[in-house]
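To start, the structure under review is shown below, and the notes come after it.
In our numbering, the protein residues as written are 110 to 447.
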């Protein structure tokens, strides 16, 4: 679905560029209901929708309402709906729309600062850092659809990057890649870069206008996008210079010989990147030696949590318990200060 961010950013009118507040408009209610539908999360962290939702219809409603009002919730919903619909192009358009909206309409944007304060604008952006709300659906977007060899998501790219030939289905995946031009993979990388760049623009605007409560922390989203980029880029040609000056292909994908270069777990761990590599090494063992072991699921979740803080991890595990935990921690802090 091709969306033009410049059209989404067009003013509602010359007299009233941001238009009326449509927070309680019936169409907005339909949009919000799609995201408030109850979900269940199984032990692997995979969400199961309680009902089927036509995300294309939701995207159309968001686009339609964007012509009537300029509200920070709309591009945020567009990013999330694009991820749910499995359309990376829509996510990219939503991220560009969000960045442009904040940069162009900050003073008069809905929700209005005089009514809801800075936190009324921070809240929508916070949902783009949540694993269940945005990051996990983004990782499940299908990048390759092959009529005979199957569909492959970003998660599949990452799995094959780490496991290589030892992963089940690797041969079919490589065969499917043969039918995809390198330009196709480069386009995917460019879209991921555009999403990341747009969110950094959002980050800058929010930070510049933040109150004492602080701004949105996009770190988890940045790290996820970087990981996705590496996963896709691993299957494109990466040229490095050999000793004789000739270009050689850099081995980014795990193979029986390449996996031997994984850092030894006994080595000192100094950075979060070291932590991720250690978890990948553990996962490599279980994929090769004990592929059915449930700890593979836990290791995958642990890798996703490396860049998160306590509250973000708690939100991923049990979204309904975050507010209660926050109240307990604040109460304890007040007791310690008194």
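Every residue, glycine too, gets a C-beta built ideally from N, C-alpha and C. Predicted model, so just to flag it, every value in this text is computed and none were measured.
- In the DSSP annotation of this structure, the continuous segment of the beta strand (DSSP E) that includes residue 261 starts and ends at 259-262.
- For residue 252, the three-state secondary structure derived from DSSP is strand.
- Residue 186 counts as buried, since no fewer than 16 other beta carbons sit within 10 angstroms of its beta carbon.
- Short of 6 Å from the beta carbon of residue 316, and not among the five residues preceding or following it, lie these beta carbons of its own chain, in chain order: 324.
- Boundaries of the alpha helix (DSSP H) harbouring residue 312: 291-318, taken from the DSSP string.
- DSSP places residue 180 in the strand class (E or B) of the three-state scheme.
- With at least 16 other beta carbons inside 10 angstroms of its own, residue 206 counts as buried.
- Looking at the backbone, the Cα of residue 184 and that of residue 203 are separated by about 5 Å.
- Between residue 208 and residue 200, the CB-CB gap reaches or exceeds 8 Å.
- By DSSP's assignment, residue 219 forms a beta bridge with 180.
- Between the beta-carbon of residue 178 and that of residue 129 there is about 6 Å, and that keeps the pair under the 8 Å contact cut.
- Residue 408 and residue 384 have their C-alpha atoms some 11 Å from each other.
- Contact annotation: the region 337-344 does not touch the region 233-243, with fewer than three C-beta pairs closer than 8 Å.
- The residue from 311, 144, 133 and 271 with its alpha-carbon nearest to that of residue 343 is 271.
- Under a 10 Å Cβ-count criterion, residue 304 is classified as buried, with 16 or more other Cβ atoms of the shown protein chains found around its own Cβ.
- Counting along the chain, residue 384 sits inside the alpha helix (DSSP H) bounded by residues 381-398.
- By the CB criterion at 8 Å, residue 176 and residue 244 fall outside the cutoff.
- Here residue 268 has 276 as same chain residues with Cβ atoms under 8 Å from its own Cβ, once five neighbours each way along the sequence are excluded.
- Around the Cβ of residue 433, a 10 Å sphere holds fewer than 16 other Cβ atoms; the residue is exposed.
- A straight-line Cα-Cα distance of about 15 Å links residue 246 and residue 145.
- Counting every other CB atom within 10 Å of its CB across the protein chains shown gives residue 402 a total below 16, marking it as exposed.
- Within 10 angstroms of the beta-carbon of residue 392 lie 16 or more other beta-carbons, which makes it buried.
- By the CB criterion at 8 Å, residue 221 and residue 194 fall outside the cutoff.
- Within 10 angstroms of the beta-carbon of residue 288 lie fewer than 16 other beta-carbons, which makes it exposed.
- A distance below 7 Å between beta-carbons, with the five flanking residues on each side excluded, links residue 112 to the following residues of its chain, in chain order: 172, 199 and 202.
- For residue 398, same chain residues with a beta-carbon under 6 Å away, outside a window of 5 residues either side, do not exist.
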